[in-house]
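Residue numbering for the sequence shown follows this note's numbering, starting at -9 and increasing by one per position.
Built from N, CA and C at the ideal position, the CB exists for glycine as well.
Just so it is clear, the structure is predicted and the values come from calculations on it, not from any experiment.
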Amino acid sequence: MSKEQFKTMLLAMLFLLSITLTQQLWISIPLAENVASSEAVGSNDSQTYDDIKLIANIVSPQSFIVNFGGGLHTVFYSDSYNVLEGSTQGIWSKTLNLLKNNYFEENATVEEISREQWVIANNSRSLLMNFGYSLPFVILKNMVQAKDVGIAGKIAEIDSILIGVVDESEMFMANHATGKYYRLKGISTGSDSFAEVVNYIEDNEHTVYYGIRDIYGDMIADNDILESDRLIPVTLKDNVPKIQVVQEIDINNEAQVEAFASTFFGAGFDFVRRITETNGSVIYMYGYGQRALKIDETGVVEYREELEPQKTVENNGYWEGLTSAVRFVNEHGGWPNKYSYLKDIEEIERDNKKGHRFIFGYRINGIPVYYNDKLSPEPIEVEVVGKQVIYYKRSIKKEKIDVDFLEKDDVQVNILTPLQIIDFNYSNFDIIKSDYLAALLEKGVEPDEKEIEREILSSIKSIKFGYYDQPMREPNKLIPVWIIQFGQYIYYFDAYNGKIEFRSEAVMDGEE
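Take a look at the structure:
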């Protein structure tokens, strides 16, 4: 064999090897970990397998509560691990499979039940998934590509799914905002054993949560607040570090800014004007302003389009709107990571045409990131009217691996529990008490000073954990926080020192 023949054969072998390895790589990496690629979701109107899988990943519940029975629970904020050894499915994937195979079939039934029946089911050994908003049931149906039989068309919206482990032929759903509770009967238990999931989590290391009544006893007055919304850990299994972050888009990185803008206007930027403002913000404007993109000095993205009659002639439903929104994000910046999630859906109207606003959040290390709503936008907002995305806003921070930062934060500081933060001897209580009394006086209610501590504790509506962005104080750090709602106010407490970082007024039931 000549030298040239050997080179040719070697090149051919290397080429075949590269194709084989590339194929294996794409097969082994789940879609959820590749959502930043615009190739995953096409721009045509047809539904693809990748479309549906991506949407199912984004619509994953905001929190998971495992009820072990006997007043013991655990809570986590993402479906971040496969709970059974050798399984490739998380809890959410198992739930979708169970729904598709057992509840969208002939003979599957739905019955409306009382709130008391829901509470009884939730107190048993079970898995509770909370979405944090009213999810239109049609989205759930389309995610599992279900038939129009069984439970199809019998439920409008839900915000929670509850699966018991005693009788897995039934499932519970609820929309707490409307006071609707349902028991679903499937055709069989199938092969998705959630008893194994609960057993696995119970047998492995986890943080134990208790109901607030189990801790404070008679200090908590009877009211209509669900105990599952205010579970508290007495001790914590892990410490959670601060995270060094940077804004996703650096306005000073010309190549990055141009590359991002080209996803909207094409690489040639035909008929596009670029304006640089004195503060450093960059604006791209197409034509006479029919389409405009602004990237401000902090890296926040804002894109607008004028309504086009041919694209907005139809009033598309929730599913079509969500599909358009997810595709648009995927093609213009992509998803922050596999822990991105749908946070809320709102109805909008523009020029007498109805549409939807989809709000998306993201997590870092499986923990949700919260912004100061007075200073920062939501992480991702998309407005869709008909088939047209008319507005897009994006403000994402990504984790920065900084060796110096890690060395400075090498000293472990214990995370406080909500019990330590609520402690009556702590200065926080004076602030919370002042707000509570002011709210009572505004309603014309005379407070009972003897009962004020009990009333304030009883007014706790929810307890959550997350990372908090503090743009005015430390813009490049996320700190762990406990988020506790007392009555009409939501407080963000620094989980290291217990101080109030931020306070906002909650939207109460019945308010817009």
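- Every beta strand (DSSP E) stretch that sits fully inside the region 71 to 156 and reaches 3 residues is listed by chain position as 99 to 103, 116 to 126, 147 to 154.
- About 5 Å separates the beta carbons of residue 134 and residue 89, which is inside the 8 Å limit, making them a contact pair.
- For residue 305, the number of other beta carbons within 10 angstroms of its own is below 16, and it is reported as exposed.
- By alpha-carbon distance to residue 258, the top candidate from 276, 482, 469 is 276.
- In this structure, residue 450 lies near residue 475, with their beta-carbon atoms less than 8 Å apart.
- Looking from the CA of residue 270, the closest CA among 154, 243, 136 belongs to 243.
- Assigned with DSSP and collapsed to three states, residue 485 falls in coil, not helix or strand.
- Between residue 175 and residue 160 the beta-carbon gap is near 5 Å, inside 8 Å, which marks them as a contact.
- Under the three-state reduction of DSSP output, residue 59 falls in the strand class.
- Residue state for residue 297 is assigned as coil, using DSSP reduced to three classes.
- For residue 193, the enclosing alpha helix (DSSP H) starts and ends at 184 to 193.
- Apart from sequence neighbours up to five positions away, the residues of its chain that approach residue 349 with a beta-carbon distance below 6 Å are 333, 334, 368, 371, ordered along the chain.
- Taking a C-beta distance under 8 Å as the contact criterion, residue 254 and residue 166 do not qualify as a contact pair.
- Between the region 136 to 143 and the region 208 to 222 there are fewer than three inter-stretch CB-CB distances shorter than 8 Å, so the stretches are not counted as touching.
- Straight-line spacing of the CA atoms in residue 382 and residue 435 works out to 43 Å.
- Judged by pairs of C-beta atoms under 8 Å, the region 42 to 56 touches the region 117 to 126, as three or more such pairs exist.
- DSSP places residue 319 within a helical segment (H, G or I) once states are collapsed to three.
- Going by beta carbons, residue 326 and residue 352 fall inside the 8 Å limit.
- DSSP places residue 368 outside both helix and strand once states are collapsed to three, so it counts as coil.
- In this model, residue 187 and residue 81 are separated by some 8 Å (Cα to Cα).
- Comparing alpha carbon positions, the residue from 251, 308, 303 closest to residue 281 is 251.
- For residue 460, same chain residues with a beta-carbon under 6 Å away, outside a window of 5 residues either side, do not exist.
- A residue is called buried once 16 or more other Cβ atoms fall within 10 Å of its Cβ, and residue 463, having fewer, is exposed.
- Note on the region 425 to 468: whole alpha helix (DSSP H) runs with a minimum of 4 residues are 442 to 448, in chain order.
- Excluding residues up to 5 positions away in sequence, 108, 111, 112, 116, 117, 118, 119, 161, 162, 163, 164 lie with their Cβ nearer than 8 Å to the Cβ of residue 152 in the same chain.
- For residue 358, the enclosing beta strand (DSSP E) starts and ends at 357 to 360.
- Between residue 249 and the set 285, 201, 51, 307, the nearest pair of CA atoms involves 285.
- Taking the C-beta atoms as reference points, residue 229 is found nearer than 8 Å to residue 405.
- Secondary structure at residue 250: helix, using DSSP grouped into helix, strand and coil.
- For residue 41, DSSP records no beta bridge to any residue.
- Checking the DSSP bridge columns, you'll see residue 338 partnered with 345.
- Among the bridge pairs identified by DSSP, residue 206 is matched with none.
- Assigned with DSSP and collapsed to three states, residue 241 falls in coil, not helix or strand.
- Beyond the five residues adjoining it in sequence on each side, residue 51 comes within less than 7 Å, by CB distance, of 82, 119, 120, 121 in the same chain, given in chain order.
- Taking residue 437 as the centre and dropping the five residues before and after it, the same chain places the C-beta of 427, 430 closer than 7 Å to its C-beta, in chain order.
- Counting the other Cβ atoms within 10 Å of the Cβ of residue 143 gives fewer than 16, which makes it exposed.
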